[in-house]
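Trainee: Handing you a structure now.
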Amino acid sequence: MRQFYEDFWADGPDEDGEPYAWALRRGLLQAELRPGDRVLDYGCGTGRFLTLLDDGAGVEIAEAAVLRARATGADVRLLEDDGTIPFGHGEFDLVWCSEVLEHIPDVGFALAEIRRVLKPGGRLLATVPYHGRFQAAWIALTRFEAHFDPLGQHVRFFTRRSLTEALEVNGFEPAVRHEGELLVARAART
Numbered sequence: 026m027r028q029f030y031e032d033f034w035a036d037g038p039d040e041d042g043e044p045y046a047w048a049l050r051r052g053l054l055q056a057e058l059r060p061g062d063r064v065l066d067y068g069c070g071t072g073r074f075l076t077l078l079d080d081g082a083g084v085e086i087a088e089a090a091v092l093r094a095r096a097t098g099a100d101v102r103l104l105e106d107d108g109t110i111p112f113g114h115g116e117f118d119l120v121w122c123s124e125v126l127e128h129i130p131d132v133g134f135a136l137a138e139i140r141r142v143l144k145p146g147g148r149l150l151a152t153v154p155y156h157g158r159f160q161a162a163w164i165a166l167t168r169f170e171a172h173f174d175p176l177g178q179h180v181r182f183f184t185r186r187s188l189t190e191a192l193e194v195n196g197f198e199p200a201v202r203h204e205g206e207l208l209v210a211r212a213a214r215t
């Protein structure tokens, strides 16, 4: 999986997504920020969202993206090979994780790591693609997620229920809604 993202970011775009998607996600993040928040952008790419933060850091799987982000002066670190986030326990008030979870084979470990770096009472704000009720029902009925190619770009689809359950099992108290083409999870660390 790491090689896919190395190749993508080596020659990939400086921006991720269309203008509408960027504006929607930017608005979600800005609405969640509180004065004094220390924020981790989990899966930050080249660090575009970090420019919105007073006190932010990023973590990314692809060294090519990390190098591009660092060239802008951003504090971005490479995710450890085993998926460990290279920050200490309880360092962040908020973790922003936009369009990332659907790419991760072991979501449970990723969420446990996110919980670890959050302060007690810290928040996770995550977005994943929303595929609509009919496609979500088809995914649930056919167990489509179980048949994904683990070397592909998206390794799972989330429904509102599956995202809620993944967060609850990993120590979060989530509220999940859909907004436009996104499922948006705001989850408090329990």
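Start counting the sequence shown at 26; every next residue gets the next number (this note's numbering).
Glycine included, each C-beta is placed from N, C-alpha and C at the ideal position.
Quantities reported herein were computed from a predicted structural model and do not represent experimental measurements.
#1: Is the beta carbon of leucine 103 closer than 8 Å to that of glutamate 85?
#2: Please classify glutamate 105: does DSSP put it in a helix, a strand, or coil?
#3: Alpha carbon to alpha carbon, what distance is there between isoleucine 139 and histidine 114?
#4: With DSSP as the reference, label proline 111 as helix, strand or coil.
#5: By Cβ distance, which residues of its chain are closer than 7 Å to lysine 144, with the 5 residues on each side in sequence left out?
#6: If I'm right that leucine 148 touches alanine 200 with Cβ under 8 Å, what's the distance once you round it to whole angstroms?
#7: Given arginine 51, which residues of its chain have a CB within under 6 Å of its CB, disregarding the five upstream and five downstream residues?
#8: Output the distance between the C-alpha atoms of threonine 215 and alanine 46, rounded to the nearest integer angstrom.
#9: Can you tell me where the beta strand (DSSP E) holding glycine 146 begins and where it ends?
#10: Around the C-beta of glutamate 193, are 16 or more other C-beta atoms found within 10 angstroms, so that it is buried, or is it exposed?
#11: Given a cut-off of 8 Å, decide if phenylalanine 183 and valine 153 are closer than it, judged by their beta-carbon atoms.
#12: In angstroms with no decimal places, state the Cα-to-Cα distance between arginine 63 and alanine 82.
#13: Determine contact between the segment 126-135 and the segment 71-81, defined as no fewer than three beta-carbon pairs at a distance below 8 Å.
#14: Please state whether the Cβ-Cβ distance between alanine 135 and glycine 108 is less than 8 Å.
#15: First and last residue of the alpha helix (DSSP H) that includes glycine 52?
#16: When the Cα atoms are used, what is the spatial distance from asparagine 195 to arginine 59?
Mentor: Let me spell this out:
#1: For glutamate 85 and leucine 103, yes; Cβs fall inside 8 Å.
#2: Coil at glutamate 105, not helix or strand.
#3: Their backbone Cα atoms lie some 10 Å apart in a straight line.
#4: Coil, per DSSP.
#5: Excluding positions up to five away in sequence, the list reads Gly115, Phe117, Asp118.
#6: One point to set straight first is that residue 148 is arginine, not leucine, in the sequence displayed. At roughly 11 Å, the Cβ-Cβ gap does not stay under 8 Å, so arginine 148 and alanine 200 are not in contact.
#7: Beyond the five residues adjoining it in sequence on each side, arginine 51 comes within less than 6 Å, by CB distance, of no other residue in the same chain.
#8: So the two alpha carbons sit approximately 30 Å from each other.
#9: Residues 143-154.
#10: The residue in question, glutamate 193, is exposed, as its Cβ has fewer than 16 Cβ neighbours within 10 Å.
#11: Taking 8 Å as the Cβ cut-off, valine 153 and phenylalanine 183 qualify as a contacting pair.
#12: Going by C-alpha positions, arginine 63 is about 8 Å away from alanine 82.
#13: No contact exists between the segment 126-135 and the segment 71-81.
#14: Alanine 135 is a Cβ neighbour of glycine 108, given a cutoff of 8 Å.
#15: Looking at the DSSP string, the run of the alpha helix (DSSP H) that includes glycine 52 is 44-57.
#16: Going from the Cα of asparagine 195 to the Cα of arginine 59 covers about 24 Å.
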